[in-house]
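Protein chains in written order, with our numbering: chain A, 175 to 315; chain B, 175 to 315. Virtual Cβ for every residue (Gly too), placed ideally from N, Cα, C.
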DNA sequence: AATAAAATTTATAATCATTATAATATTATT
DNA sequence: AATAATATTATAATGATTATAAATTTTATT
């Protein structure tokens, strides 16, 4: 138990971030809940454990994580900013019916793009939209 | 001149959209300005020609174009929804320094993703971020 | 250990893009 | 021309995010 906290603290310290209780809990949350939570989801879950938690702290902390590469922002749709603790290149699929966002592995690094020869690429994003198998099955009726 | 208007009208009529003056002008704008304009950019440009233009009309019309595949929405960054009249699959590169968004051709359709075998994919998006050649050149100083 | 300084968190207000609503204007139909 | 349907406009409402300043907690210094 404390082992877990210690590991999370270590991750923060390595990034020169002081491991406050709030920061540890938010980091823990996005690591354990890989379903691309929104700020609201994170806040509403953690307020149960940390009754004094402020939404501003969640925003500030996620911004901090973003800038230190502990989290990535997903902007698949406007009006819903989501956070992802997996920072390696992978694709996202959003189901237009149920809204679920699925991760998928894709060979993004080998995507052929010769016209960007003189561009410095820092970040690659791939997202698809459509209908997931669950919803396809449902709509068979 | 009227030729142009007629063509745009035709495009709208084919989609069962009544070709009002506002709609024609907005369609014309996003076709001639392929730099991925925001609603504000579109509105501020067109207000000069159409002094009574309302921002709600721009929103409504773009929503209409989106649903009829006359425009695509780009959500590279939250807080800035941009519109693109090119609806075929292509990639977008956003320069983190100057903010310019570049189009690029990429072989998106052949991107290998076997884990989505049972998903119905309707829309594929690829966007990169980094620094464009212009800004790389500037920063050499 | 007490105090001061720094950093973090919190509560609240401000901002701003988008959406909703209702009134007005335009276009189509009889 | 009168009526109905559609589109546009002006305005208000919403809601997510950011800014600000006060309060709290942590850290450093004496």
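Listed by position along chain B, the residues whose Cβ is nearer than 7 Å to that of residue 306 (chain A) are 293. For the region 238 to 255 of chain B, the residues whose beta carbon sits under 9 Å from a beta carbon of chain A are, in order, 247, 249, 250, 251, 252, 253, 254, 255. Minimum Cα-Cα distance from residue 248 (chain B) among the listed residues B:231, B:267, B:206 corresponds to B:267. Under the three-state reduction of DSSP, residue 233 (chain A) is assigned to helix. Close partners of residue 278 (chain B) in chain A (Cβ separation under 7 Å): 287, 289, 290. Less than 8 Å divides the Cβ of residue 263 (chain B) from the Cβ of residue 283 (chain B). For residue 310 (chain B), the neighbours in chain A by C-beta distance under 7 Å run, in chain order, 294. Proximity to residue 198 (chain A) across A:243, A:220, A:299, A:288 peaks at A:220, based on C-alpha coordinates. Judged by beta-carbon spacing, residue 295 (chain A) lies beyond the 8 Å limit of residue 217 (chain B), meaning their Cβ atoms are not closer than that value. Contact of residue 217 (chain B) with chain A is not assigned, every C-beta pair being separated by 8 Å or more. In the DSSP annotation of this structure, the continuous segment of the alpha helix (DSSP H) that includes residue 218 (chain A) starts and ends at 213 to 220. In this structure, residue 204 (chain A) keeps its C-beta atom at 8 Å or more from the C-beta atom of residue 193 (chain A).
Taking a beta-carbon distance threshold of 8 Å, residue 232 (chain B) does not count as an interface residue toward chain A.
Residue 265 (chain A) reaches chain B at 287, counting residues in chain order whose Cβ is nearer than 7 Å.
Under the Cβ distance rule, residue 301 (chain A) counts among the residues neighbouring chain B, one pair being separated by less than 8 Å. Within a 10 Å sphere around the beta-carbon of residue 232 (chain B) sit 16 or more other beta-carbons, which makes this residue buried. When the Cα atoms are used, residue 258 (chain A) and residue 224 (chain B) turn out to be separated by approximately 43 Å. Against chain B, the CB of residue 297 (chain A) has a partner CB under 8 Å away; the residue lies at that interface. Cβ contact annotation for residue 189 (chain A) (same chain, cutoff 7 Å, sequence separation greater than five): 242, 244, in chain order. Residue nearest to residue 299 (chain A) within the set A:246, A:311, A:306, A:290 is A:246 (criterion: CA-CA distance). In terms of CA proximity to residue 280 (chain A), B:291 leads the group B:186, B:291, B:196, B:239. For the region 228 to 309 of chain B, the continuous beta strand (DSSP E) assignments of 3+ residues that do not extend past its boundaries occur at 246 to 248, 256 to 258, 265 to 269, 275 to 278, 294 to 305, in sequence order.
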